[in-house]
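What follows is a set of notes on a single structure, which appears directly below.
Number of protein chains: 2
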Amino acid sequence: MTSSERLNATFIALADPTRRAILARLATGEASVLELAKPFAMSQPAISKHLKVLERAGLISRGRDAQRRPCRIEGKPLADISEWLENYRRIWEENFQRLDALLEELQAPEKKTAPRKGKRL
Amino acid sequence: MTSSERLNATFIALADPTRRAILARLATGEASVLELAKPFAMSQPAISKHLKVLERAGLISRGRDAQRRPCRIEGKPLADISEWLENYRRIWEENFQRLDALLEELQAPEKKTAPRKGKRL
DNA sequence: TCGTTATAGAACCATATGGTTATGGAATGA
DNA sequence: TCATTCCATAACCATATGGTTCTATAACGA
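And the structure:
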């Protein structure tokens, strides 16, 4: 799988709120399929399908514990998209600078600008 | 649109390599639809559809310059998913720590290694 | 061995996605 | 006014996605 295909699979996996909720649950520790299914008004096979999408992206791995197939979250794909995002960090920081400049202008159009307070992430 | 729906739209938009390539191009500056379409073996309406997906996610905005509708990249949704990602940073940092520990073990198997927490991997 | 539990898979359905070609419409320029 | 340029929309198609129900299988517990 190319790096682009891995990004595809990861973004696709993250594009569904059920799957993000599953990831959030797994961030607190391993869980079986039925445990993961409980909170959702959805059948067990539907959850299994979602897990398959997450697994294809490498976002989870699965073990074996008696009849259970415990799922574990895997960080690598998240690290990868974080790295991808870094290429664009200057974009949103520039956007915020423009916004700040605008707000300052609106608040004190005649004053010299002061440095921003409060962090923007 | 809820915050979850905005995340959905953003991840969906980023899940296609054509759209990521368009964003990469726009990171270097504004471009018209035809300019964006040039590098791709794809019809202009196909590009227009991709732009619509990007626009729905708020990843681009469009101006007007004579017949052209120049596209500009917008950083906000990227900042949002960066913020979402931060919730998981410890996950991949833990993963890397486990990997580091494993590599150390492999390199110096006779040495006493600090006991790993957790029985996995 | 037999039933139960946990999960996966198959078949099916509705809708979404990503592409096409053909067409329409706004702004430009001659 | 009229042709051209730039772009969007419509209609269509194939495939993917996200759900369902029903069934099969693997591992346990009695």
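So the protein sequences, as listed, match chains A and B. In terms of my numbering, the first sequence is residues 92 to 212. In terms of my numbering, the second sequence is residues 92 to 212. Even for Gly, the Cβ is constructed at its ideal location relative to N, Cα and C.
Check, Outcome
"Secondary structure of B:T204, DSSP reduced to three states", "Here B:T204 scores only 45 on pLDDT, less than 50, and its place in the model is too uncertain to base an answer on."
"Counted within 10 angstroms of its Cβ, other Cβ atoms place A:T101 as buried (16 or more) or exposed", "buried"
"Beta-bridge partners of A:R159, as assigned by DSSP", "A:D156"
"CB-CB length for B:A122 against B:P168, believed under 8 Å", "Incorrect: roughly 19 Å between the Cβ atoms, too far for contact."
"Partner residues on chain B for A:A118, Cβ-Cβ distance less than 8 Å", "N178, Y179 and I182"
"Pick from B:I164, B:G120 and B:E185 that is closest to A:A170, judged by C-alpha positions", "B:E185"
"B:A118, DSSP secondary structure in three states", "coil"
"Chain B within 8 Å of A:I113, Cβ atoms only", "no"
"Pair within 8 Å by beta-carbon distance, A:L176 and B:I172", "yes"
"Chain B contact for A:G209 (CB, 8 Å cutoff)", "Only weak support exists for where A:G209 lies, its pLDDT of 42 falling under 50; the value from the coordinates is given anyway. No, its Cβ sits nowhere closer than 8 Å to a Cβ of chain B."
"Candidates A:R189, A:I182 and A:L125, of which the one nearest A:Q158 by Cα", "A:L125"
"Residue range of the alpha helix (DSSP H) that includes B:S139", "Q135 to R147"
"C-beta neighbour in chain B for A:A157, strict 8 Å", "no"
"Distance CB(B:H141)-CB(B:R110) smaller than 8 Å", "yes"
"Nearest residue (CA-CA) to A:G120, options B:L105, B:L127 and B:R181", "B:R181"
"Reduced DSSP category for A:E184 - H, G, I as helix; E, B as strand; rest coil", "helix"
"Bridge-paired residues (DSSP) for A:I164", "A:I151"
"Per-residue contacts from B:G166 into chain A (C-beta, under 8 Å)", "Y179, I182, W183, E184, E185, N186 and F187"
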